[in-house]
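Visitor: Residues 10 to 142 in the numbering used here are what the sequence shown spells out, letter by letter.
Pasting a structure here, questions to come.
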Amino acid sequence: MEKKYLAQIIATDNEGLQMISACTAGAKVKVSDIKYLASNKVFLLSIERTKIETDQENKKINSICRFDFVDKVKSKNIDQKNNELCLELIAIDYLKNNDDFEINLIFNNNAHIALTTETIEVRLEDQNEIKYK
Numbered sequence: 010m011e012k013k014y015l016a017q018i019i020a021t022d023n024e025g026l027q028m029i030s031a032c033t034a035g036a037k038v039k040v041s042d043i044k045y046l047a048s049n050k051v052f053l054l055s056i057e058r059t060k061i062e063t064d065q066e067n068k069k070i071n072s073i074c075r076f077d078f079v080d081k082v083k084s085k086n087i088d089q090k091n092n093e094l095c096l097e098l099i100a101i102d103y104l105k106n107n108d109d110f111e112i113n114l115i116f117n118n119n120a121h122i123a124l125t126t127e128t129i130e131v132r133l134e135d136q137n138e139i140k141y142k
C-alpha cells in the first residue's frame, strides 16, 4: 500500500525560503489562484508542482504556498483580469529593506510579485496528489 503523507515546510529565514523556492521552481499557478487577504495580511498561492523532495519522479501535487504578515503586494507584468492565465514560478527570493523584507516571486515572461513583509513566515503545504481525470 502506498504511503500517503503530505509535507509541510515552514520557512522563517533565508535557508527555509531557499528550500521552498527549490520545491516550487517550475510550479504552475493560475492567476485566479493568487489571493491576497489584506485584512489577515495573508498572501496565498495555490500551485501545481512536481514533488522533487521525494524519489518519485514526476509526481505532481497541489500545494498551497502561504505568506504571513504581508503588508503590501505589488505585481508586475501580470494581467490580473485574465483568470485563466497560467504562470510558471521560477524562484522566490528576498531583500532586506530597512525594517521590512521584500519577498519576490519571480515568474516566467518577466512577471513578478513583490510582497512587503515584516518577517519571513512562509509555509508550503501539500494538499493532494493530482490524479489526471
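Where is the CB? At the ideal position from N, CA and C, for every residue including glycine.
Remember, predicted model here, so these are calculated numbers, not experimental data.
Please confirm whether residue 86 and residue 119 have their CB atoms less than 7 Å apart.
Guide: On the sequence shown, residue 86 is found 77 positions in, with the first residue counted as 1. On the sequence shown, residue 119 is found 110 positions in, with the first residue counted as 1. Yes, the Cβ-Cβ distance between residue 86 and residue 119 is below 7 Å.
Visitor: What number of angstroms, rounded off, separates the C-alpha of residue 109 from the C-alpha of residue 92?
Guide: Looking up residue 109 in the sequence shown gives position 100. Looking up residue 92 in the sequence shown gives position 83. Cα to Cα, residue 109 sits roughly 30 Å from residue 92.
Visitor: If we require 4 or more residues per run, which alpha helix (DSSP H) segments fall completely within the stretch 15–55?
Guide: If we require 4 residues or more, the alpha helix (DSSP H) runs fully inside the stretch 15–55 come out as 23–33.
Visitor: Comparing C-alpha positions only, which one of 22, 84 and 115 sits nearest to residue 44?
Guide: The residue you call residue 44 lines up with position 35 of the sequence shown. Selected option, being the one with the closest Cα: 84.
Visitor: Per DSSP, what kind of secondary structure is residue 116 in: helix, strand or coil?
Guide: The residue you call residue 116 lines up with position 107 of the sequence shown. Three-state DSSP puts residue 116 in a strand.
Visitor: Which class does residue 94 belong to by DSSP, given the choice of helix, strand or coil?
Guide: For the purposes of this step, residue 94 is taken as the residue at position 85 of the sequence shown. Three-state DSSP puts residue 94 in coil, outside helix and strand.
Visitor: Could you give the residue range of the beta strand (DSSP E) that holds residue 81?
Guide: For the purposes of this step, residue 81 is identified with residue 72 of the sequence shown, where counting begins at 1. Start and end: 79–85.
Visitor: For residue 135, list the residues DSSP reports as bridge partners.
Guide: For this step, residue 135 is matched to residue 126 along the sequence shown. In DSSP, residue 135 forms a bridge with 72.
Visitor: Under the DSSP definition of a beta bridge, which residues are partnered with residue 102?
Guide: For the purposes of this step, residue 102 is taken as the residue at position 93 of the sequence shown. Per DSSP, 113.
Visitor: Over the uninterrupted beta strand (DSSP E) stretch that includes residue 122, give me the two end residues.
Guide: Residue numbering aside, residue 122 sits at position 113 when the sequence shown is read from its first letter. Its beta strand (DSSP E) spans residues 121–126.
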